[in-house]
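See structure below.
Protein chains: 2
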Amino acid sequence: MVTTSRTPRSRPWRSASAIPVREAREWQPARVTATRRIPLARPYPSVPWGDYAPKAYASEAVPFGVTAFREGHDRIGVQVRLTSPSGDESLHRLQPLNDGFDRWETTVALLEEGAWTFRFEAFADEFATWEHAADLKIAAGVDAALMREMGALLFTRAAGERGRPRSQREALTSAAETLRNPAVSDDAALTVVRDETIAGYFRERPLMALTTVGDDLSLRVERERAGVGAWYEFFPRSEGARTLRDGTIKSGTFRTAARRLPAVAAMGFDVLYLPPIHPIGTLNRKGRNNTLDPGPADPGSPWAIGSAEGGHDAVHPDLGTLADFRAFVRAARAEGIEIALDFALQAAPDHPWVSEHPEWFTTLPDGSIAYAENPPKKYQDIYPINFDNDPAGIYAEALRVIRHWISQGVRIFRVDNPHTKPLQFWEWLISTVNAEHPDVIFLAEAFTRPAPLQSLASAGFQQSYTYFTWRNTKEELAEFLSGLARETADFVRPNLFVNTPDILTEYLQFGGRPAYRIRAAIAATAAPTYGVYAGYELYENVARPGSEENIDNEKYEYKFRDWSGAVERGESLAPFLTRLNEIRRAHPALRQLRNLTVHWSDDDAILVYVKHLPGELSPDGRTDTIIVVVNTDPHSVRQTMVHLDTRVWGVTPGDPYDVEDLVTGARWTWTDHNFVQLDAFAEPVHILHVKEQR
Amino acid sequence: MVTTSRTPRSRPWRSASAIPVREAREWQPARVTATRRIPLARPYPSVPWGDYAPKAYASEAVPFGVTAFREGHDRIGVQVRLTSPSGDESLHRLQPLNDGFDRWETTVALLEEGAWTFRFEAFADEFATWEHAADLKIAAGVDAALMREMGALLFTRAAGERGRPRSQREALTSAAETLRNPAVSDDAALTVVRDETIAGYFRERPLMALTTVGDDLSLRVERERAGVGAWYEFFPRSEGARTLRDGTIKSGTFRTAARRLPAVAAMGFDVLYLPPIHPIGTLNRKGRNNTLDPGPADPGSPWAIGSAEGGHDAVHPDLGTLADFRAFVRAARAEGIEIALDFALQAAPDHPWVSEHPEWFTTLPDGSIAYAENPPKKYQDIYPINFDNDPAGIYAEALRVIRHWISQGVRIFRVDNPHTKPLQFWEWLISTVNAEHPDVIFLAEAFTRPAPLQSLASAGFQQSYTYFTWRNTKEELAEFLSGLARETADFVRPNLFVNTPDILTEYLQFGGRPAYRIRAAIAATAAPTYGVYAGYELYENVARPGSEENIDNEKYEYKFRDWSGAVERGESLAPFLTRLNEIRRAHPALRQLRNLTVHWSDDDAILVYVKHLPGELSPDGRTDTIIVVVNTDPHSVRQTMVHLDTRVWGVTPGDPYDVEDLVTGARWTWTDHNFVQLDAFAEPVHILHVKEQR
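Listed in order, the protein sequences are those of chains A and B. Residues 5 to 698 (the numbering used here) make up the first sequence, in order. Residues 5 to 698 (the numbering used here) make up the second sequence, in order.
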């Protein structure tokens, strides 16, 4: 089944640079060369990590670019030919970036999901070559008659082309006559050379020669949720858990957790991610705060999957039944929320796999099965999978588990530690699943080195956790966010979780409430996908001493949280998160990945970036521009000048424009240099919407 | 004919990392994946500009590298399998760069010319994985017995391998017994884990699993002169030209020019490049200083090729006959000098091509043939070639001309303005010529933007002129030289000409004699190929006003120079050039491209770099290290501290070592931080040889 967000009559792309289709041909010398007549090199979107297709999501504005040049001084044109999965073909003209590196680029928003193909084509642009020479030479009084005759010949040829509108043909014929008319002075002829209307005819429909066709390349376009979403994470066992009279705790269930769904939806979250919902091992179970001697009531870590009650395809009896789970998925869907399940390929010692398939684990010379470890540390409640004893068996079992949850209504999987399993396995699993269900999304929790992180993303993961939580200063963020938007955007789609059950950074531990506000604002506006783990809105900031994670961690125990009481007491970030998600829904520029540009301030803590989406790439045809100014120092009040390259959104440097702060409602008239004061203790961030020009 | 610099019994490579060959196998899942069991990505040497083979020259030390990693914590090994053109196969182990990017590298000096293939192979290194775990765990008292038994099993397996020397088998068997012996304490067992001899056995011959084989890649290895040489350029018509009694000038000839060869050889130059030697057009001939009204005795520009006396295959009658040219080539060869001819694909208006093949030019609507131009500038003495009217014809003619000069003994061509001809043409021409004559070298004079410059180099040119003349400050040179040595070295081989008939930079115009000394020292030591155009040694530094080239330019007239008189008066740079070329011949580190590292000084004009060649990559097996310290400001005396990372050449930071200044003979004992004073007016450069350690 191929899902598509297109209606039958709409075009499969948005672009400012579309031009009509024409046939391309190319001459080749008798001896085959790798070089073509007009060199085309370094095309993008592209993936440097191997033979993988770059990716985009439906409605994403994607830069298509290539290095192209010709010998000598003659002008060239470059276009990209896009073929949509259902066969629509279109041409989009590239513009030179004029950066000295002969790069050309255009940006197209792709609307249809599936496998697109694209190829670059370059051609000698005869009009542009003539226009450049004629302009200089007629003005200099050199070869004027010759230039006029050459122009007349070009215009006459263009006027004779099939398919050119009659009005253009008449205008071109008349212009040719003017150029040839000896009664017309050279100065007057120059106005024909410089005629913008005629130049427009040739931009729209150039006279092409030496046309060179690049290789067919592919681009995978996935559903919009693969790229855009606000994620929330909670442990269902905590939602509705209660202490009984005997002091023991009764676990929350899917039914009690479902009562929390309207509040999550009201905050504006689209995806709810659940840690593993399967039976938890009893052998070597961990106690509170990761201790090795649990009490009988300790529920254990959900990542220690499997017990006599079942494995990866089962539901923990404390949470309810498979039917309860399906009802939970439906209840979430009714609130506009998709459920993301955890996929953690590992087993507790009492997982059924261990007795039924010991070949999926590593048996040591003493007959025991190897625990997970990072020598000399050991994780006694978890057996890692061995993928090499019986690859066919474990591959098939993993696929069976995924298919099982798909059949229960799940379309998103958050994959635990994918970098501890073979990359090859993930490519195989995701491509196999996506061949059957292109709408399934996998999020990689790969907190690892850049090469494996980017390789996992390249090999198929639709989304990736990133180093975001460890990028906190202005300088770190400027480099990190630019990198996400440009260098890695063809293959890594970031999901900027602000916290996780494993990650409570020093910045949050010691930054106070302003820190939580700052990080949420950046995550929600810098990238189209971000996430929050429950408790963030309550500013939970006490770490286990010496660690980077919460004390009394929810991984090992139930948490009781007074959500509505905190809001009533004004001690919750939920209203701010709600506002952030409202802003994201109202502003398509914030639902894009590649449109971030970093701008400047004179202060070493004030970070400035712009998210801009031109009207021709926007769903409603309206330009959308958001300026974010953040004080990244949560302990200070800062004043500074902010410097903006307003040309990014089409405002001439120095011209005024109006902005509205979408958080406070304040309005200002700004220019390219603006004074800003940001008080971390009051409101550390401006999220400014540039109002449309009159 | 395939030339080779190998003797029959020598190995076709030098390397510190060679290991014996063994069979590699790889498991593949049923569904084909682009990913292999152990990911291998971003291999190099490589060319980013298209489907071209990277290149090296015989004796060049080439880094082979790849990004490789495995899931989890287990250790891997990586090797590169090299197959020489004549079929020798060898394996070379890579070392991790430990830069956080999972890159592995080894450097191999390739001795055999021709098409090499290389491929990377990665494997699970079972010994290294065990060694790491056993070391930590036995020391921590965790699983000691298990670790000892696992080691014993590994050692026993290794001892049973075919081909392992008896001494190793005995040592391994004995070590296995020690590990298993309950009377041996864990502490004593640890000494076996840490035994360097045993570790060495496994480094040499690892226990491999999950072996993954990368793609077969190719590398073109050309003769050493393609990468190493000291070039000299002179106009033969000036050498031996004399003024007759009637005031007219009699041109120098090949015979008179040959009298200059011993002096050029004595300076230590290897290649003599001659501007075009063909008949010069008379129509629209240029006069002195590029004027349009030549006198009857003006000889014209040699680049305005062709007249009634012949075209690209003819010799200018003023210079002599084809037989005289051959004699000149032989005389040069006798002096150890190769002749490089100019190949300028363009025609004077009276070139025979113009009447015989008007289709090779562009005929304008007024019936005239287009001049070369850069609108509105025109070059009336030159018609550019049109490659698109009759590609087959002009391709064949270009090949015929090259073959003609090859038949006259020429093996090096300096190509004039290749960026004004199609890149595709050059790929075709060079590959066609090299298929017949692999020893032919083409040097690209492409002073153009980076994309076409690097593409020409990638498509086949053995050497390239570069932006060197315009990189004069410390900062510019540090970035430029690092880039040459690393980023572009797989495809661009620089020829660092210090001046040309077209280029007399402001630095030389206004830097006085120190500027000439500084630039020659850098060119001769930073890259293995550099060049000097005659007159440089006489400090000719007067430019045509407002231009960047010599006044009274030799392109348009004869030059008379008093070579030996200048030496006698102490007004010649020739002795210094001679010394530079002696140093280059004595030091193999200076005949390498990729071995340059930039180091540091506290002064903004003192540039520091090191050229280092380890003994295992060196022709005589001896390590060669040269430290160059240059004052790039020709108007100053500078004092500064110089900071060196001595680990580059194996000296522990802080340890002393002896250096000798190869220019002055001075000797010092240096460490990693050294005081330097460089007086531009006396000796602006240290070229220091690091003496072998005792």
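Each residue gets a CB set at the ideal place from its N, CA and C atoms; glycine is no exception.
Below-8 angstroms beta-carbon distance, residue i vs any chain B residue
i, result
"PHE472/A", "no"
"TRP357/A", "no"
"MET154/A", "yes"
"GLN643/A", "no"
"GLY76/A", "yes"
"THR424/A", "yes"
"PRO379/A", "yes"
"ARG246/A", "no"
"ALA137/A", "yes"
Residue-chain proximity (residue i, chain A), Cβ-Cβ < 8 angstroms
i, result
"LYS59/B", "no"
"TYR56/B", "yes"
"TRP307/B", "no"
"VAL146/B", "yes"
"THR367/B", "no"
"THR39/B", "yes"
Neighbour flag for residue i against chain C, beta carbons, 8 angstroms
i, result
"TRP53/B", "In the structure shown, chain C does not exist; the protein chains are A and B."
Residue i vs residue j beta-carbon contact at 8 angstroms
i, j, result
"ARG490/A", "ARG598/A", "yes"
"GLU243/B", "PRO442/B", "no"
"TRP689/A", "VAL652/A", "The displayed chain sequence assigns Val, not Trp, to residue 689/A. No. Outside cutoff."
"VAL646/B", "VAL680/B", "yes"
"VAL128/A", "ALA213/A", "Checking the sequence shown, residue 128/A turns out to be Ala, not Val. Cβ atoms of ALA128/A and ALA213/A: closer than 8 angstroms."
"GLY54/A", "THR39/B", "yes"
"TYR236/B", "LEU276/B", "yes"
"GLY231/A", "PRO532/A", "yes"
"GLY464/B", "PRO638/B", "no"
"ILE587/B", "ILE691/B", "yes"
"VAL444/A", "ILE410/A", "yes"
Buried versus exposed call for residue i [16 or more other C-beta atoms within 10 Å across all chains shown]
i, result
"ASN557/A", "buried"
"GLY272/B", "buried"
"LEU86/B", "buried"
"ALA538/A", "buried"
"GLY304/B", "buried"
"ARG29/A", "Because the pLDDT of ARG29/A is 44, which lies under 50, any placement of that residue in the model is unreliable, and the question is left without a value."
"GLU64/A", "buried"
"PRO422/B", "buried"
"GLU135/B", "buried"
Residue i to residue j span [Cα, whole Å]
i, j, result
"TYR56/A", "VAL419/A", "20 angstroms"
"LEU584/B", "PHE429/A", "58 angstroms"
"ARG10/A", "PHE580/A", "The predicted model places ARG10/A with a pLDDT of 34, which falls under 50 and marks its position as unreliable; any figure quoted below should be read in that light. Each residue's alpha carbon lies about 34 angstroms from the other."
"TRP108/B", "ILE398/A", "31 angstroms"
"THR470/A", "ILE202/B", "41 angstroms"
"TYR387/A", "ARG337/A", "34 angstroms"
"ALA180/B", "ALA163/B", "9 angstroms"
"THR367/B", "TYR375/B", "10 angstroms"
"THR71/B", "ALA45/B", "5 angstroms"
"GLU553/B", "THR195/A", "38 angstroms"
#### Entry: Unbroken stretches of the alpha helix (DSSP H), 4 residues or longer, contained in the region 469-499 of chain B
DSSP runs (the alpha helix (DSSP H)) wholly in the region 469-499 of chain B: 478-486.
#### Entry: Within the region 407-465 of chain B, ranges of the beta strand (DSSP E) (whole runs, at least 3 residues)
Entirely contained in the region 407-465 of chain B, the beta strand (DSSP E) runs reaching 3 residues are, in chain order, 416-420, 445-449.
### Task
Pick out the complete alpha helix (DSSP H) segments inside the region 26-103 of chain B, 4 residues or longer, and give them in chain order.
Within the region 26-103 of chain B, no complete alpha helix (DSSP H) segment of 4 residues or longer occurs.
### Task
Enumerate, from N- to C-terminal direction, the unbroken alpha helix (DSSP H) stretches of 4 or more residues contained entirely within the region 525-563 of chain B.
Fully enclosed alpha helix (DSSP H) runs of 4 or longer: not present.
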